[in-house]
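Colleague: Quick one: the structure is below, and I'll ask about it shortly.
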Amino acid sequence: MARILILGLGRVGLVTAVLLARAGHQVLAVERDPAVRAAVAAGRPPFPEPGLAEALTALRPTGRLAVAAQLPPLEGIEAAFVCVGTPQAAAGGFDLGDLLGALEEIGRRLRHQRGWPRPLAVVVRSTILPGTSETVLIPTLAAAAGTPCGCTFELLHLPEFLREGSALEDARDPARAVVGERRPGASAPLRALLATTGTVPQPVPLRLAETLKLADNAWHAAKVAFANELGRLAQAFGVDAEALARLFLADHRLNLSAAYLRPGGPFGGPCLGKDLAALLHHARAHGLELPLLAGVEVSNRHHLAWLEGQLRVRVPPPGPVVLHGLAFKPGTGDLRDSPWLALARRLQAGGYGLVLFDPELAPAALPPDLAPLWRPPAAWPTAATVLTTREDAPPDWPTLDLHRLLRARDEPAPAPCRRSARPGDR
Ligand SMILES: NC(=O)c1ccc[n+]([C@@H]2O[C@H](COP(=O)([O-])OP(=O)(O)OC[C@H]3O[C@@H](n4cnc5c(N)ncnc54)[C@H](O)[C@@H]3O)[C@@H](O)[C@H]2O)c1
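One point on numbering: in this note's numbering, the residue at position 201 of the sequence shown is 198, and numbering is uninterrupted.
This is the structure:
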């Protein structure tokens, strides 16, 4: 049994408190709102949430969940879960006022009351932007505590993925859980504590944990907007929106799967761009604006420009560079709407000495403006860097994998690098 502190009794804090108290720990929840404190002290949820009333009623006789208005002395406390709100800031980003206030309170207590050597796990559950833990939270806590991180405290980020309306169940049985840590192993005591609730989060770097939560919510928001755009266009085209959704959702190979959800090259080929453009045109003819789907086209163009920018940093013009693998997807020999031909034109216009090659194509397949750039490997300029979209670039050439540029921001060049994941499967 551990002694645990929770700061903030919104859904995240209360659900965290309930799960830890149910696992047998002694939980003290600090909440500044007296109405919330009174409700929880009386075993009543301060907001409607399925299962919470029963959970609080069951916990009441155990005395394992107590509430307070002020932070207690921190001696003997194993972990402090900071679950305060981070609303949208007027100037953009998150308003960190409550979070920094809570950390400063903990830091002041640490400075005056906490003895070395057991660091208090300060577990931030509030949603924050990537980099916030390292650049704002740790310095704030360290300044208030008067010691660096790892001494009297260890700051960890444990993002919460629950949904309101199924908060207790989502938190009890998460699809996956991660904990952000400052250095490998720093989260070990917290992971052991959480194992008692049945969930052991995967340790990851702080920035990855911070970003994952935002990635999830961006995706969920995009899903809602996508479903609604499908619904709008179904109605405009005289199609049963519900039947369309049902059949759309029946495809677990492409529609509801990891397919197309890994970063890599832009989309292209004979279907996606053409069909999306036709759909948007038809929708406009019906007086419909579909900003998400229209933005998909824009995003794809931006992605190619971004890729070229990444290349320029690693292999500045004039290169020379060989673009190896021109088909929109390896193994198809299909050049229709290939993003790599578009990249070739950008590189050519951008002052690169450019050679083109694809082991599955004949030079005659190239459009006339690019055909003169075709050279087989024996005729490549000796100083060239090979930019490849395939896995079979000649091994003796310095090679930059175009799909990989997205995965590693600091991917050096020209470095021999092999693709670690499946070939782009669009
Ligand atoms: N609500 C959700 O579904 C959900 C899901 C996942 C993550 N989150 C994130 O988790 C965080 C908390 O969300 P929430 O909805 O539980 O928050 P909330 O805003 O509903 O509740 C926060 C509580 O913290 C209290 N508080 C603020 N500062 C305090 C302090 N210094 N000491 C004690 N109490 C203090 C407030 O009075 C309030 O009751 C946010 O960053 C949110 O974005 C929320």
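For each residue, glycine too, the CB sits at the ideal point set by N, CA and C.
Do ARG29 and ligand 1 come close, with the Cβ less than 6 Å from some heavy atom?
Modeller: Result yes, Cβ under 6 Å from ligand 1.
Colleague: Whole angstroms are fine: how far does the CA of TYR257 sit from the CA of TRP371?
Modeller: Approximately 30 Å between the Cα atoms of the pair.
Colleague: Could you tell me the boundaries of the alpha helix (DSSP H) in which VAL9 lies?
Modeller: Element bounds for VAL9: 8 to 19.
Colleague: Can you find a heavy atom of ligand 1 that lies under 6 Å from the Cβ of CYS148?
Modeller: Checking every heavy atom of ligand 1 against the Cβ of CYS148, none is found closer than 6 Å.
Colleague: When the Cα atoms are used, what is the spatial distance from LYS326 to LEU93?
Modeller: About 45 Å.
Colleague: Does the contact criterion of 3 or more C-beta pairs under 8 Å hold for the region 53 to 62 versus the region 31 to 45?
Modeller: The region 53 to 62 vs the region 31 to 45: in contact.
Colleague: How about SER123: is its Cβ closer than 6 Å to a heavy atom in ligand 1?
Modeller: Yes.
Colleague: Quick check: the Cα distance between LEU338 and GLY235, rounded to an integer number of angstroms?
Modeller: Roughly 38 Å separates the two Cα atoms.
Colleague: Would the beta-carbon of ARG259 be found less than 6 Å away from any heavy atom of ligand 1?
Modeller: Flag unset: Cβ of ARG259 not near ligand 1.
Colleague: Are there any heavy atoms of ligand 1 lying less than 6 Å away from the beta-carbon of GLY82, as far as the coordinates show?
Modeller: Under cutoff, so the answer is yes.
Colleague: Out of PRO317, LEU153 and GLU357, which one is the CA nearest neighbour of THR382?
Modeller: The shortest Cα separation from THR382 among PRO317, LEU153 and GLU357 belongs to PRO317.
Colleague: Please report how far the alpha carbon of GLY10 lies from the alpha carbon of ALA141, in whole angstroms.
Modeller: The alpha-carbon atoms of GLY10 and ALA141 are separated by roughly 23 Å.
Colleague: Helix, strand or coil for ILE125 per DSSP?
Modeller: Residue state, collapsed to three classes: coil.
Colleague: Hey, out of GLY328, THR386, ALA324 and ARG309, whose CA is closest to TYR349's CA?
Modeller: When only C-alpha atoms are compared, the closest one is ARG309.
Colleague: Please state whether DSSP places PRO409 in a helix, a strand or coil.
Modeller: At PRO409, the pLDDT of 49 sits below 50, so the modelled position is not reliable; the number obtained from the coordinates is stated separately. Coil.
Colleague: Short check: CB of LEU153 to CB of LEU187, under 7 Å?
Modeller: Result yes, Cβ atoms of LEU153 and LEU187 sit closer than 7 Å.
Colleague: Using the Cα positions of GLY330 and PRO364, report the straight-line distance between them to the nearest angstrom.
Modeller: Using only the alpha carbons, I get a separation of about 14 Å.
Colleague: At which residues does the alpha helix (DSSP H) containing PHE245 begin and terminate?
Modeller: It spans 238 to 246 - the alpha helix (DSSP H) in which PHE245 sits, taken as one unbroken run.
Colleague: Would you give the residue range spanned by the alpha helix (DSSP H) that GLN307 belongs to?
Modeller: Its alpha helix (DSSP H) spans residues 288 to 311.
Colleague: With the cut-off set at 7 Å, would you say PRO263 and HIS321 are in Cβ contact?
Modeller: Result no, Cβ atoms of PRO263 and HIS321 do not sit closer than 7 Å.
Colleague: Helix, strand or coil for GLN67? Go by DSSP, reduced to three states.
Modeller: Residue state, collapsed to three classes: coil.
Colleague: Smallest Cα separation from THR386: which of GLY98, LEU304, PRO378 and PRO200?
Modeller: Nearest of GLY98, LEU304, PRO378 and PRO200 to THR386, Cα basis: LEU304.
Colleague: When every heavy atom of ligand 1 is checked, does at least one fall within less than 6 Å of the C-beta of ARG8?
Modeller: Answer for ARG8: yes, Cβ within range of ligand 1.
Colleague: Check whether the Cβ of VAL15 sits closer than 6 Å to any heavy atom of ligand 1, and report yes or no.
Modeller: Because no heavy atom of ligand 1 lies under 6 Å away, the Cβ of VAL15 does not count as near it: no.
Colleague: Spell out the partners DSSP gives LEU117 in its beta bridges.
Modeller: Paired residue(s): PHE150.
Colleague: VAL120 and GLY5 - do their beta-carbons sit closer together than 7 Å?
Modeller: No. Outside cutoff.
Colleague: Helix or strand or just coil, what does DSSP make of LEU4?
Modeller: The answer is strand: DSSP assigns LEU4 an E or B state.
Colleague: Note down, in chain order, each residue of its chain lying with its Cβ closer than 7 Å to the Cβ of PRO373, except the 5 sequence neighbours on either side.
Modeller: So the qualifying residues of the chain are PHE354.
Colleague: Spell out the partners DSSP gives LEU370 in its beta bridges.
Modeller: None; LEU370 has no bridge partner.
Colleague: Between ARG115, LEU126, VAL176 and LEU53, which has its C-alpha nearest PRO198's C-alpha?
Modeller: Answer by Cα proximity: VAL176.
Colleague: Since VAL293 and VAL319 should fall inside the 8 Å C-beta cutoff, what is the C-beta to C-beta distance between them, to a whole number of angstroms?
Modeller: Wrong, their Cβ atoms sit about 30 Å apart, outside the cutoff.
Colleague: Specify the secondary structure class of LEU159 as computed by DSSP and reduced to three states.
Modeller: Three-state DSSP puts LEU159 in coil, outside helix and strand.
Colleague: Could you give the first and the last residue of the continuous beta strand (DSSP E) run that contains THR396?
Modeller: Run containing THR396: 396 to 398, per the beta strand (DSSP E) assignment.
Colleague: Tell me whether PHE150 is buried or exposed, calling it buried when 16 or more other Cβ atoms sit within 10 Å of its Cβ.
Modeller: Answer is buried; the Cβ neighbour count reaches 16.
Colleague: Look at the alpha carbon of ALA368 and the alpha carbon of ALA362, and state the distance between them as a whole number of angstroms.
Modeller: Those two C-alpha atoms are separated by around 8 Å.
Colleague: Enumerate, from N- to C-terminal direction, the unbroken beta strand (DSSP E) stretches of 3 or more residues contained entirely within the region 196 to 273.
Modeller: Whole beta strand (DSSP E) segments, 3+ residues: 199 to 202.
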